[in-house]
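Below is one structure; the comments refer to it alone.
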Amino acid sequence: MCGIVGYIGPKEKKEILLDGLQELEYRGYDSAGIAIIEGSNLHQFKAIGKLENLREKTKNYHSEGFGISIGHTRWATHGKPTELNAHPHLGQYSYVVHNGIIENYQALKEELQSEGVDFLSQTDTETIVHLFEKYHNEGMEPFEAFKTTVSRLEGAYATLLISEVAPDTIFFAKNGSPMLIGFDGNEVYFASSDTPIIGKAKEVYYLEDGEYGYVQAGEVHLFDKNGEKSFSKQTLSADKISAQKDGYRFFMEKEIYEQSYVMTETMMGRVLDEHIKLDELEEGFFDTINAIKICACGTSYHSALTAAYLFERLAKIRCDVEIASEFRYKEPLLTKDTLFITISQSGETADTLEALKMAKRAGLKSLSICNVDNSSIVRESDAAILTRAGIEKGVASTKAFATQTMVLWMLSLYVGQVKGTITTETLRSEIDAMRHTPKALVVTDTLHARLHRLSKRYLHGHGFFFIGRDIFFPLALEGALKLKEISYLHAEGYPAGEMKHGPIALADSELFTIALMPKTLHYEKIKSNVEELSARDATICAISPEPFELADDFIQTQHSSHPMVEFFEMMVVTQLLALEISVRLGNDVDMPRNLAKSVTVE
Ligand code: M6R
713 MCGIVGYIGP KEKKEILLDG LQELEYRGYD SAGIAIIEGS NLHQFKAIGK
763 LENLREKTKN YHSEGFGISI GHTRWATHGK PTELNAHPHL GQYSYVVHNG
813 IIENYQALKE ELQSEGVDFL SQTDTETIVH LFEKYHNEGM EPFEAFKTTV
863 SRLEGAYATL LISEVAPDTI FFAKNGSPML IGFDGNEVYF ASSDTPIIGK
913 AKEVYYLEDG EYGYVQAGEV HLFDKNGEKS FSKQTLSADK ISAQKDGYRF
963 FMEKEIYEQS YVMTETMMGR VLDEHIKLDE LEEGFFDTIN AIKICACGTS
1013 YHSALTAAYL FERLAKIRCD VEIASEFRYK EPLLTKDTLF ITISQSGETA
1063 DTLEALKMAK RAGLKSLSIC NVDNSSIVRE SDAAILTRAG IEKGVASTKA
1113 FATQTMVLWM LSLYVGQVKG TITTETLRSE IDAMRHTPKA LVVTDTLHAR
1163 LHRLSKRYLH GHGFFFIGRD IFFPLALEGA LKLKEISYLH AEGYPAGEMK
1213 HGPIALADSE LFTIALMPKT LHYEKIKSNV EELSARDATI CAISPEPFEL
1263 ADDFIQTQHS SHPMVEFFEM MVVTQLLALE ISVRLGNDVD MPRNLAKSVT
1313 VE
């Protein structure tokens, strides 16, 4: 979502901030801003839109000597993406940047306004800087004023504040939104994830919820509700595997092509000849577990839905799936024999993280499936299995979904294995199928060219229905989500058998049906569902290994012996179709409007 970078030290600060923000830009890109204090000189720049606008605006400015600095790239939550709403927010003599949401900002704002404070922006963030200045103006020392400010905030925040009254100090606080501190000798960095400081800081400390403090003269003073505390730093890897487009037009395109390779990585050392090996899970991890509950959002939720079929079918263990934002407020009944699995590409999704904390409070054992080591969700979980997809930069998730689904497939076999609910024969044939998936994910020139050609027929109409049955229903949901995210066309995923219970009323020649018709699973059933739509003149684009005569368009997939292999091959088709439609519509594929890569607000 929004991104934060901060730096205190002698180096050129503008470049550090802009380079750091560049790394975070894919998470939120409505506007960006930086504030730097060098001695008594205060500089602030903001620009709406992409970071390049801020670069342009600051091209003639260079910081000199020791100083303090903060920067932010924004994804609007309160107030439109305007320059006034961009961070850093200014009081009379201080600046603040913030990720998250201050839930009680309205009450705080009214209180401050009644005391004569003028607000320039529509943001919740601005309350932080005015509160700080109010307490300082009342006579508190800067840190005391900051501490009192933090004690008034409700909601989620990661925030940095600098002020002319403490020109050698950065104040920080974290609760619910990620933030870390990087160290290189006397130089100190802040960031909302580690990518901006990799290669700069040598050591790192990941702040915990409820921690706050200040940094001065290379020293970090860290506090929580019990007062000042010590902390230990971790070494930060120096490898910047910063993703580049490598000749592809978009990161999303590159990431679709990478799926075959990363799938092999995901399986490496885990999918063995006769069994599944998951070193991340200690022996006996499943001993007390009789059911699984999976919680996730968006695309990760779709991989969870797929997994529910696999857990029950292969491992014979009860599994239900919840959308994290719904789960949080439904007062769920949780039993301690349930394993709570969260799935998240970023590991920072606020709703998923909060759902995990709820489950932990209820005493459930937790496991996360995540693409980012050291992310909040990974750190919060009892155990974690990393998906090994590599950095995913396209906002529309592709390879993360593929690898999440693979990990869940492996996990379902693992559970069957340790619980003795899967036969050796089934295990072997599943493993055999897994080994065919990297091949099924290869994007051939012919396939890509075909989807490119076909895409021109799907730029209008009054909507898309992606339909499928069984595991192809979550894939239909995912196909529809991909398309709407980057094309802005309306698309729905639906269980094929449900169409006749209502949605078929929409069928006419301008209703585009993308039919997922695998040969290995309920082919005859889905075929008759598609025939029903065709009889109502819906335009049918069939994806299947089996030619289908009623299809207006047909994309032929390979004949395979396993539904999951068909699943992955069809997944690639839906991803490429969405990509090509989006390109033809002239959209920004990697940074679609209104979206952000990492959704750290509720
Ligand atoms: O980082 P997470 O996997 O927790 O994110 C969940 C969703 O926000 C994410 O999958 C979103 O739906 C993507 N934009 C899908 O392409």
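If you read the sequence shown in the working numbering, its first letter stands for residue 713, the second for the next number, and so on.
Ideal Cβ placement from N, Cα and C applies to all residues, glycine included.
Taking the alpha carbon of residue i as the reference point, which residue from the options has its own alpha carbon closest?
i: ALA788; options: PHE1113, HIS799, HIS1014 and ILE782; result: HIS799
i: SER904; options: ALA878, SER806, LEU872 and MET1303; result: LEU872
i: ALA1108; options: ASN1306, ARG1296 and VAL1301; result: VAL1301
i: LEU1201; options: LYS846, HIS1213 and GLY1173; result: GLY1173
i: GLY1010; options: GLU1024, ILE1055 and LYS966; result: ILE1055
i: VAL1155; options: ASP991, GLY1128 and GLN1287; result: GLN1287
i: GLU920; options: ILE1293, GLU1092 and GLU1137; result: GLU1092
i: PRO1230; options: ARG1169, ALA1188, LYS941 and GLU931; result: ALA1188
i: GLU986; options: ASP1264, ARG1140 and VAL829; result: ARG1140
i: ASP896; options: PHE884, GLY783, GLU915 and GLY1214; result: GLU915
i: ILE780; options: HIS810, GLY721 and ASP830; result: GLY721
i: PRO1150; options: PHE1176, THR1135, VAL1284 and GLU994; result: VAL1284
i: HIS810; options: LEU824, SER1080 and ALA870; result: ALA870
i: LEU1026; options: ALA913, ILE1143, GLU823 and SER1124; result: SER1124
i: GLY1180; options: VAL829, ALA1227 and SER1078; result: ALA1227
Considering only residues of the same chain and omitting the five flanking positions on each side of residue i, which have a CB-CB separation below 6 Å?
i: ASN816; result: GLU866
i: LYS989; result: ARG982
i: ASN1083; result: GLN1057, THR1099, ALA1101 and ALA1112
i: ALA1219; result: LEU1245, ARG1248 and ALA1250
i: LYS1131; result: none
i: LYS758; result: GLY745, GLU795 and ALA798
i: VAL841; result: HIS801, GLY803, SER806 and VAL808
i: ALA1067; result: CYS1007, ALA1036, PHE1039 and ARG1040
i: PHE943; result: TYR917 and LEU934
i: ASP742; result: ARG786, TRP787, ALA788 and PRO793
i: ILE728; result: TYR719
i: GLY777; result: GLU750
i: THR1018; result: THR1117, ILE1183 and PRO1186
i: PHE883; result: PHE858, LEU873 and TYR926
Does any heavy atom of the ligand PLP sit closer than 7 Å to the C-beta of residue i?
i: LEU1026; result: Among the ligands in the structure shown, the ligand PLP does not appear; only the ligand M6R can be found there.
Please classify residue i as buried or exposed, where buried requires at least 16 neighbouring CB atoms within 10 angstroms.
i: TYR773; result: exposed
i: ASN849; result: exposed
i: ALA1114; result: buried
i: LEU819; result: In the sequence on display, residue 819 carries Ala and not Leu. Burial call: exposed.
i: TYR719; result: buried
i: GLU965; result: buried
i: LEU890; result: Correcting the residue identity first, residue 890 is Pro in this sequence and not Leu. PRO890 is buried by the Cβ-count criterion.
i: GLY1214; result: exposed
i: ALA1217; result: exposed
i: THR947; result: exposed
Using a Cβ-Cβ cut-off of 8 Å (strictly less than) and excluding sequence neighbours within five positions of residue i, which residues of its own chain qualify?
i: MET1146; result: MET979, VAL983, MET1118, TRP1121, MET1122 and MET1276
i: GLU856; result: TYR847
i: LEU1328; result: The chain is shown from 713 up to 1314; residue 1328 falls before or after that span and cannot be answered.
Can you find the residues in the same chain that come closer than 7 Å, C-beta to C-beta, to residue i, ignoring five residues on each side of it along the sequence?
i: GLY922; result: ASN887, ASP936 and LYS937
i: LEU1307; result: VAL1107 and GLU1197
i: TYR1021; result: ASP1182 and ILE1183
i: ASP1032; result: LYS1005 and ALA1020
i: ALA955; result: Interpretation of ALA955 is limited by its pLDDT of 49, a score under 50 that renders its predicted location unreliable; the figure taken from the coordinates is listed afterwards. These residues qualify, in order along the chain: PHE963, ILE1103 and LYS1105.
i: SER833; result: GLY791, LEU796, ASN797 and HIS801
i: SER1199; result: ALA1290, ILE1293, SER1294, LEU1297 and ASN1299
i: THR861; result: ILE840, LEU843, PHE844 and TYR847
i: LYS769; result: PHE757 and ALA759
i: ASP1264; result: THR1251, ILE1252 and CYS1253
i: PHE1266; result: ALA1254, PRO1259 and PHE1260
Would a check of beta-carbon distances place residue i closer than 8 Å to chain D?
i: SER781; result: In the structure shown, chain D does not exist; there is a single protein chain.
Using 8 Å as the Cβ pair cut-off and three pairs as the minimum, do the segment 1259 to 1275 and the segment 1061 to 1072 touch? no
Give a yes or no on contact between the segment 1039 to 1047 and the segment 1207 to 1216, applying the rule of three or more CB pairs nearer than 8 Å. no
Contact between the segment 874 to 886 and the segment 747 to 762 is defined here as three or more beta-carbon pairs at a separation below 8 Å; is this criterion met? yes
Report yes or no: do the segment 776 to 788 and the segment 713 to 728 share at least 3 C-beta pairs separated by less than 8 Å? yes
Check whether the segment 1305 to 1312 and the segment 1060 to 1067 touch, using three or more Cβ-Cβ pairs below 8 Å as the test. yes
Contact between the segment 1255 to 1267 and the segment 915 to 926 (3+ Cβ pairs under 8 Å): no
Three or more beta-carbon pairs under 8 Å between the segment 964 to 977 and the segment 994 to 1007, yes or no? no
With three or more C-beta pairs closer than 8 Å as the rule, is the segment 1155 to 1166 touching the segment 1175 to 1195? no
Three Cβ pairs or more, each shorter than 8 Å: is that satisfied between the segment 1241 to 1255 and the segment 1192 to 1199? no
May I ask you to verify whether the segment 906 to 922 touches the segment 833 to 845, counting CB pairs closer than 8 Å and requiring at least 3? no
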